Amino acid sequence: MIPANPAIRILIVDDDPVSVQVMARALKSVCRCEFALSGPQALERLAKERLPALILLDVLMPEMDGYTLCRTLQSDPRLKDIPVIYVTASQDPDSETRALEAGAADFIAKPINPPVLHLRVGLQLQLRERDQARRDSEARFERLAHYDALTGLPNRLLLADRLHQAMAQTKRRGKRLAVAYLDLDGFKAINDRHGHAVGDRVLVTAAERMKQALREGDTVARLAGDEFVAALIDLESSDAGALLLDRLLAALSAPMPLGDLVVQISASLGVTFYPQPVEVDADQLLRQADHAMYQAKLTGKNCYRVFNVDQDHRNRGVQENPERIRSALVAREFVLYYQPKVSLRSGDVIGAEALIRWQHPKRGLLLPQEFLPVIEDDPLAAELGEWVIETALTQMEVWEANGVDLPISVNVGACQLRQSDFVARLRALMAAHPGVKPASLALEIREISAMRDLAHVARVVADCRELGVSCALDNFGIGYSSLTYLKQLAVTALKIDRSFVGDMLDNPDDLAIIEGILGLATAFRLQTIAEGAETPEQGERLLQLGCELAQGYGIAHPMSADAVIGWLADWPPSPHWIHLFLDRRRALLSDLAK
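Following my numbering, the numbering of the sequence shown begins with 11 at its first residue and continues without gaps.
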């Protein structure tokens, strides 16, 4: 039975007043029925009035039959989600098929059987209610996934999206973009002295002051704790940015009345500008601004410092020379290190990630961030990426010959993904190494790389899957993390970024983000792998949350290929993880038994 609810409106569209009366009488105790005697009249009402929860539609009507009206509804984004039940006296055996093809949700034959009508309408209303509840839940999740729960500001995920858009807009308009990293001075002392409730009020007030100090179109986001980022768009010059930064500092340093309490804070602020002589991405801008912020802290707080791009280029020296990197590739100066991934549940080693290193003849072993950024958009990046895949496949064959079956994942950059023949190249590499099963190779794609051309990357991922090679989204959580593109990418795993795992035990925001990512993974039936697991306590907490796979220094540092065999023989899984899993399993079984 339909629960009585006069707020529910149903529109009956039928040119027969008697049929309208019969249906309205059958449903009057549970909803409010309105009517239209023709298709055009129905469209007129729908254009002017609040939309009904359901439409009962006669098929055979003059001017516009029910099929035509239903197709018209389906073509209108505003009307297409209203469920339609066809009601007809037609004896045509194809009527029901035509009705469903036109978009109807159900079909009822005349003469009307009131109990059947009552049940069919009730079922459609229940389905609509469930669908609306699902949409509301998705909307709430999207809000939680992209906005800070305390301040209402954009969070790290939405900030990445805003920065990506702002950088593209800045280049199109020939303007400047300022990215400012803020850390509140004196906040910890207030939090410790007056408690978290007062600390939260300080953060909310600070967030509101920052929004008021900036212009419409600028973004201020909360990253974690008392750390914020402001993106200032459409600047004519760096000096124009300086005026806004001064306003931010002044707004934050003003006395802050909180009821009977008045507190005083300030901010240390680091800023960097875009574009720069050498192309950088959003992550690099944030790192630059963060570095400048620490310089402001050291200077004396309540001030800002500008990141010195020229000095940074001089300091990095060799990394600004693509030709030197090319010669290093020819000279075989690059090597792969491998970082194991394990199951926190069983302690089993389930694979390893291949990580490139540069064995520089003068500077020693260089990490990727010391040389990859300069070739990110250079064809050389694709050559180096192909070398990584080739070397990993060769090493897997060597291990396989020695009885070691260790699946390997390799990082694939944006430049590689943009190659029109990327999948063909991968297929050729796999064919050259027949001893490696396709399922033993996985590709890790940075989230921000996937967003550069989502349609193309989606095709690449699907084609790789046909080869038997799986794909994972790397650094998940620091980019866009959209439900929309998760639906489009046929990835099999999400890798939770180390920045969240590292602070999860102390930072409720990072913990909430991890929980949200795990919820997404469950909804899309994806594996999750936590990066940056460094302590047994982090491993235990991840396992409690339902994340069973991890990698990080707490498990193993990246190591040379020669060291992997010995590490595998000596690897001791944490007994705490296994005991915790068994306890969790017993608790679940106990709950099921109840």
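Every residue, glycine too, gets a C-beta built ideally from N, C-alpha and C.
Here the structure is a predicted model, which is why all the values come from computation and not from measurement.
Out of Ala540, Asp513, Ala441, Gly413, state which residue places its alpha-carbon closest to the alpha-carbon of Val574.
Counting from one through the sequence shown, the residue named residue 574 turns up at place 564. Among Ala540, Asp513, Ala441, Gly413, the Cα nearest to that of Val574 belongs to Gly413.
My output table needs one value for Leu416: the three-state DSSP class, helix, strand or coil.
Counting from 1 along the sequence shown, the entry for residue 416 is found at position 406. Correct three-state label for Leu416: coil.
Within this structure, are the beta carbons of Ala306 and Cys313 separated by less than 8 Å?
In the sequence shown, residue 306 corresponds to position 296, counting from 1. In the sequence shown, residue 313 corresponds to position 303, counting from 1. Against a cut-off of 8 Å, the Cβ pair of Cys313 and Ala306 comes out as a contact.
Would you give the residue range spanned by the beta strand (DSSP E) that Arg42 belongs to?
Taking the sequence shown and counting its residues from 1, the one referred to as residue 42 is at position 32. Unbroken beta strand (DSSP E) run through Arg42: 42-46.
Cα-Cα separation, Leu233 to Arg145:
On the sequence shown, residue 233 is found 223 positions in, with the first residue counted as 1. On the sequence shown, residue 145 is found 135 positions in, with the first residue counted as 1. One C-alpha to the other measures close to 27 Å.
What's the call for Gln175, buried or exposed, on a 16-neighbour Cβ count within 10 Å?
As a working note, residue 175 is residue 165 in the sequence shown. Under this definition Gln175 is an exposed residue.
If you run the structure through DSSP and keep just helix, strand and coil, what is Ala537?
The sequence position of residue 537 within the sequence shown is 527, counting from 1. The sequence as given places Gln at residue 537; Ala does not occur at that position. Gln537: strand per DSSP, three-state reduction.
Could you check which residue in Val446, Leu67, Ile399 has the C-alpha nearest to that of Ala115?
What you label residue 115 is simply residue 105 of the sequence shown in a count that begins at 1. It is Leu67.
Closest Cα partner of Ala63 within the set Ser100, Asp91, Ala155, Cys474:
Residue mapping note: residue 63 aligns to position 53 of the sequence shown, counting from 1. Taking only the C-alpha atoms, the option nearest Ala63 is Asp91.
Could you give the DSSP three-state label for Ala566: helix, strand or coil?
Taking the first residue of the sequence shown as position 1, residue 566 is located at position 556. Of the three classes helix, strand and coil, the one that applies to Ala566 here is coil, per DSSP.
Can you tell me the Cβ-Cβ gap for Gly357 and Pro417, rounded? I've got them flagged as a contact below 8 Å.
On the sequence shown, position 347 is the one that residue 357 refers to. On the sequence shown, position 407 is the one that residue 417 refers to. That pair is no contact at about 17 Å.
Count the C-beta pairs between the segment 167-184 and the segment 254-263 that are closer than 8 Å, then say yes if the count reaches three, no if not.
no
Under a three-way DSSP split, which group does Thr532 fall into?
Here residue 532 refers to the residue found at position 522 when the sequence shown is read from its first residue. Helix, per DSSP.
Helix or strand or just coil, what does DSSP make of Ala402?
Mapped onto the sequence shown, residue 402 falls at position 392. Here Ala402 sits in helix by DSSP.
Is it buried or exposed, Tyr348, if we count other Cβ atoms within 10 angstroms and call 16 or more buried?
Indexing the sequence shown from 1 puts residue 348 at position 338. Buried, because 16 or more other Cβ atoms sit within 10 Å of the Cβ of Tyr348.
Let me make sure I understand the geometry here. Which of Ala277, Arg19, Ala292 has the alpha-carbon closest to that of Phe283?
The residue labelled residue 283 in the question sits at position 273 within the sequence shown. For Phe283, the nearest C-alpha among the options comes from Ala292.
When Leu89, Val345, Pro448, Asp507 are compared against Val479, the one with the closest alpha-carbon:
Against the sequence shown, residue 479 aligns to sequence position 469. The shortest Cα separation from Val479 among Leu89, Val345, Pro448, Asp507 belongs to Pro448.
Is Lys90 near the ligand GDP, judged by its Cβ being under 7 Å from some heavy atom?
Of the ligands one can find in the structure shown there are none, so the ligand GDP has no counterpart to examine.
Between the C-alpha atoms of Ala560 and Ala441, what's the straight-line distance to the nearest angstrom?
If you number the sequence shown from 1, residue 560 lands on position 550. If you number the sequence shown from 1, residue 441 lands on position 431. Spanning the two alpha carbons is a distance of roughly 30 Å.
Would you say the segment 383-401 touches the segment 422-430, given that touching needs at least three Cβ pairs under 8 Å?
yes
Would you call the segment 223-233 in contact with the segment 242-256, where contact means no fewer than 3 C-beta pairs closer than 8 Å?
yes
I need the straight-line Cα distance from Val97 to Gly113, nearest angstrom please.
Position 87 of the sequence shown, counting from 1, holds the residue named residue 97. Position 103 of the sequence shown, counting from 1, holds the residue named residue 113. Rounded to whole angstroms, Val97 to Gly113 spans 14 Å at the Cα level.
Does the segment 465-484 come close enough to the segment 509-517 to have 3 or more Cβ pairs within less than 8 Å?
no
Terminal residues of the continuous beta strand (DSSP E) containing Asn201?
Locating residue 201 in the sequence shown gives position 191, where the first residue counts as 1. Careful: Asn201 lies outside any beta strand (DSSP E), inside the alpha helix (DSSP H) at 197-204.
Using three-state DSSP, classify Leu79 as helix, strand or coil.
Along the sequence shown, read from residue 1 onward, the residue named residue 79 stands at position 69. Leu79 falls in the helix class under three-state DSSP.
Nearest-angstrom Cα separation, counted from Ile506 out to Thr215
Here residue 215 corresponds to residue number 205 of the sequence shown, with the count starting at 1. Here residue 506 corresponds to residue number 496 of the sequence shown, with the count starting at 1. Distance between the alpha carbons of Thr215 and Ile506: 31 Å.
Option nearest Val73 by Cα separation, candidates Gln548, Asp86, Asp25
Here residue 73 corresponds to residue number 63 of the sequence shown, with the count starting at 1. The residue asked about is misnamed: residue 73 is Glu in this sequence, not Val. Among Gln548, Asp86, Asp25, the Cα nearest to that of Glu73 is on Asp25.
If distances are taken between C-alpha atoms only, which option among Leu61, Pro285, Ser450 comes closest to Ile243?
On the sequence shown, residue 243 is found 233 positions in, with the first residue counted as 1. Among Leu61, Pro285, Ser450, the Cα nearest to that of Ile243 is on Pro285.
Can you tell me the Cα-Cα spacing of Glu289 and Val467, whole angstroms?
Here the question's residue 289 lines up with position 279 in the sequence shown. Here the question's residue 467 lines up with position 457 in the sequence shown. Glu289 and Val467: Cα-Cα distance of roughly 22 Å.
DSSP puts Pro267 in a beta bridge; with which residues?
Here the question's residue 267 lines up with position 257 in the sequence shown. Answer is Val272, bridged to Pro267.
CA-CA distance, Gly162 and Val239?
Counting from 1 along the sequence shown, the entry for residue 162 is found at position 152. Counting from 1 along the sequence shown, the entry for residue 239 is found at position 229. About 14 Å.
I'd like to check one pair, Val433 with Leu453: are the Cβ atoms closer than 8 Å?
Here residue 453 is taken as the residue at index 443 of the sequence shown, counted from 1. Here residue 433 is taken as the residue at index 423 of the sequence shown, counted from 1. No, these two residues do not count as a Cβ contact at 8 Å.
Can you look up Thr677 in the DSSP assignment and give me helix, strand or coil?
No information on residue 677 is available, as it lies outside the stretch 11 to 604 that the chain covers here.
Would Leu515 and Gln554 qualify as a contact pair, given that the criterion is a beta-carbon distance under 8 Å?
Counted from its first residue, the sequence shown places residue 515 at position 505. Counted from its first residue, the sequence shown places residue 554 at position 544. No, Cβ-Cβ distance for Leu515 and Gln554 is not below 8 Å.
Exposure of Val126, with buried meaning 16 or more beta-carbon neighbours within 10 Å:
As a position in the sequence shown, residue 126 is number 116, starting the count at 1. It is exposed - the Cβ of Val126 has fewer than 16 other Cβ atoms within 10 Å.
What is the DSSP secondary structure of Gln329, counted as helix, strand or coil?
If you number the sequence shown from 1, residue 329 lands on position 319. Unreliable positioning characterises Gln329 in this predicted model, as indicated by a pLDDT of 48, which lies under 50. A coordinate reading is not provided.
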